[in-house]
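J.:
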Amino acid sequence: MTQFPDPGRYDGRMPYRRSGRSGLMLPAISLGLWHNFGQDTPHEVKRAICRTAFDLGITHFDLANNYGPPIGSAEEAFGDLLRADFRGLRDEMIVSSKAGYRMWDGPYGEWGSRKSLIASCDQSLKRIGLDYVDIFYSHRYDPDTPLEETMQALDFIVRSGRALYVGLSSYNSRRTREAAAILKDLGTPCVIHQPSYSILNRWVEHDGLKETLADLGIGSIAFTPLAQGILTNKYLKGIPGESRAAQGKSLDPGLISPQALATVRALNDMAGARGQTLAQMALAWVLRGGGITSALIGASKPEQVRDCAGAVARLDFSDEELALIDTLAEEPAVNLWARSSETDH
Ligand SMILES: NC(=O)c1ccc[n+]([C@@H]2O[C@H](COP(=O)([O-])OP(=O)(O)OC[C@H]3O[C@@H](n4cnc5c(N)ncnc54)[C@H](OP(=O)(O)O)[C@@H]3O)[C@@H](O)[C@H]2O)c1
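Taking the working numbering, the leading residue of the sequence shown gets 907, the next gets one more, and so forth.
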């Protein structure tokens, strides 16, 4: 039996990057538990994914109140793993959760009111079995609640010991500036922003969010960097039965069109020429130049985590390679979160 955790997990293979101008260091690759951590996935698979990640130096695990199915069950499953497999390792881990999307019935079960955020945070802590999470996020901007109220709730969550840091997810550049200014005044700075970002989804560049975050000294963790699996070799020969596109969940199989596949094939060839898998090249692209702190992947198997962690071996691109990627990647509609970041919201 091999030793867990691997004593070589901090041997320098996984780089740790500072989140903006904060003290928080995050692994270049982080693991998200949105899919494959609900009751439809065997415990042993979840366990193998998380243990493999930690052995590879992936210290950050990202959750939200509503991850499942059923909603809430990913936090419960992760809590079981923390107690059984990660006993004694809590201080080597960064655990995050979020509130903002629909979680329970009635007017308080979603969005950004003080009532909703604090109640949801308490529920998350109970499900995970922790006294505090490391990062707590407002999962989306709420156009109907005063931004001051949402930020005051985040500030309270930190001051009351429920979280160490706060973050924003899918807020556009304008709302991020407003929110960050309020948080700074309150004395609880925003240390991280979680936007969607990939070769096929570049709203953070069009919106100016990337510059805004650099300007404000806020770190960033890019979610769905593999466009939910499209930017891997998994759909090159059609839609496999065991894939997110076949599950009728968040990945519309219509996105895997012949045109999209032609792009993916060309990108796959390019990755091969760089000595990488397509997943590795897609992650390296997100992390290029250091503008993004961490790439937040999902995985249905430990082998995928291993493959993704290998991305850090080569993060550099030539100008010619970047130009070719731009030409190949006509942006299809893969941003499901566009509504949360629309400027007029
Ligand atoms: N803040 C937000 O609003 C928000 C929204 C969405 C997600 N997130 C966060 O971001 C995390 C990642 O999202 P995501 O799972 O959509 O990210 P993703 O990394 O773009 O997609 C993950 C999927 O890609 C496939 N895959 C991963 N590595 C692979 C490899 N090496 N080779 C072949 N296929 C591979 C797997 O698909 P199969 O399952 O088909 O095998 C896996 O489930 C979530 O868990 C969550 O923490 C946040």
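Idealized CB from N, CA, C, for every residue including glycine.
Here the structure is a predicted model, which means the values were calculated and not measured.
Hey, which unbroken runs of the beta strand (DSSP E) at 3 residues or more fall wholly within the region 944-994?
T.: Those beta strand (DSSP E) runs which fall completely within the region 944-994 and span 3+ residues are 966-968.
J.: For a test of your reading of the model: does the CB of Ser-1022 fall under 8 Å from any non-hydrogen atom of ligand 1? Yes or no.
T.: It does not: the Cβ of Ser-1022 is nowhere closer than 8 Å to a heavy atom of ligand 1.
J.: Go ahead and pull the three-state DSSP assignment for His-1251.
T.: Below a pLDDT of 50, predicted positions are generally treated as unreliable, and His-1251, at 48, falls in that range; no measurement from the model is reported.
J.: Write down the C-beta distance between Leu-1074 and Cys-1096 rounded to the nearest angstrom, noting that I regard them as a contact closer than 8 Å.
T.: That pair is a contact at about 6 Å.
J.: In the DSSP assignment, the beta strand (DSSP E) including Ala-1005 goes from what residue to what residue?
T.: Start and end: 1000-1005.
J.: What residue range does the beta strand (DSSP E) around Leu-1070 cover?
T.: First-last of the beta strand (DSSP E) with Leu-1070: 1069-1075.
J.: Please classify Ser-1224 as buried or exposed, where buried requires at least 16 other C-beta atoms within 10 Å of its C-beta.
T.: With fewer than 16 Cβ atoms within 10 Å of its Cβ, Ser-1224 is classed as exposed.
J.: Once DSSP output is grouped into helix, strand and coil, what is the label at Leu-1202?
T.: If DSSP states are grouped into helix, strand and coil, Leu-1202 belongs with the strands.
J.: Would the beta-carbon of Ile-1105 fall within 9 Å of that of Ile-1041?
T.: Contact: no.
J.: Under a three-way DSSP split, which group does Ser-1246 fall into?
T.: Three-state DSSP puts Ser-1246 in a helix.
J.: For Phe-960, decide whether its Cβ has a neighbour in chain B, counting only Cβ atoms nearer than 9 Å.
T.: No chain B is present in this structure, which holds just one protein chain.
J.: Please find out if some non-hydrogen atom of ligand 1 comes closer than 8 Å to the beta-carbon of Tyr-1077.
T.: Tyr-1077: no, Cβ never under 8 Å from ligand 1.
J.: Go ahead and pull the three-state DSSP assignment for His-1099.
T.: Strand at His-1099.
J.: Per DSSP, which residues does Gly-938 bridge with? Please list them.
T.: DSSP lists Asp-968 as partners of Gly-938.
J.: Assign Leu-1142 to buried or exposed, taking buried as 16 or more other Cβ atoms, counted over all protein chains shown, within 10 Å of its Cβ.
T.: Exposed: under 16 other Cβ atoms inside 10 Å.
J.: For Arg-1008 and Ser-1022, I'd like the C-alpha separation in whole angstroms.
T.: So the two alpha carbons sit approximately 10 Å from each other.
J.: Just the Cα atoms here: how many angstroms apart are Tyr-1047 and Val-1064?
T.: Straight-line Cα distance between these residues: approximately 19 Å.
J.: Just the C-alpha distance for Gly-914 and Gly-963, rounded to the nearest angstrom, thanks.
T.: Rounded to the nearest angstrom, the two C-alpha atoms are 9 Å apart.
J.: If I follow the unbroken alpha helix (DSSP H) through Arg-924, where does it start and stop?
T.: No alpha helix (DSSP H) contains Arg-924, which is instead part of the beta strand (DSSP E) from 922-924.
J.: Ends of the alpha helix (DSSP H) at Val-1064?
T.: It spans 1053-1065 - the alpha helix (DSSP H) in which Val-1064 sits, taken as one unbroken run.
J.: Figure out for me which residue from Pro-1208, Asp-912, Met-1187, Leu-1119 has the closest Cα to the Cα of Ser-925.
T.: Ranking the options by Cα distance to Ser-925, first place goes to Leu-1119.
J.: Would a C-beta distance cut-off of 9 Å place Leu-932 and Thr-908 closer than the cut-off?
T.: Taking 9 Å as the Cβ cut-off, Leu-932 and Thr-908 do not qualify as a contacting pair.
J.: With DSSP as the reference, please indicate the residues paired to Val-1039 in a beta bridge.
T.: Paired residue(s): Ala-1069.
J.: Where does the unbroken alpha helix (DSSP H) through Pro-1164 begin, and where does it stop?
T.: Where Pro-1164 is concerned, the enclosing alpha helix (DSSP H) stretches over 1164-1179.
J.: In its own chain, which residues sit with a C-beta less than 7 Å from the C-beta of Phe-984, not counting the 5 before and 5 after it?
T.: Excluding residues within five positions, the ones whose Cβ falls inside 7 Å are Leu-939, Phe-943, Phe-967, Leu-969, Ile-1034.
J.: Does the Cβ of Trp-1243 lie closer than 8 Å to at least one heavy atom of ligand 1?
T.: For ligand 1, at least one heavy atom lies less than 8 Å from the Cβ of Trp-1243.
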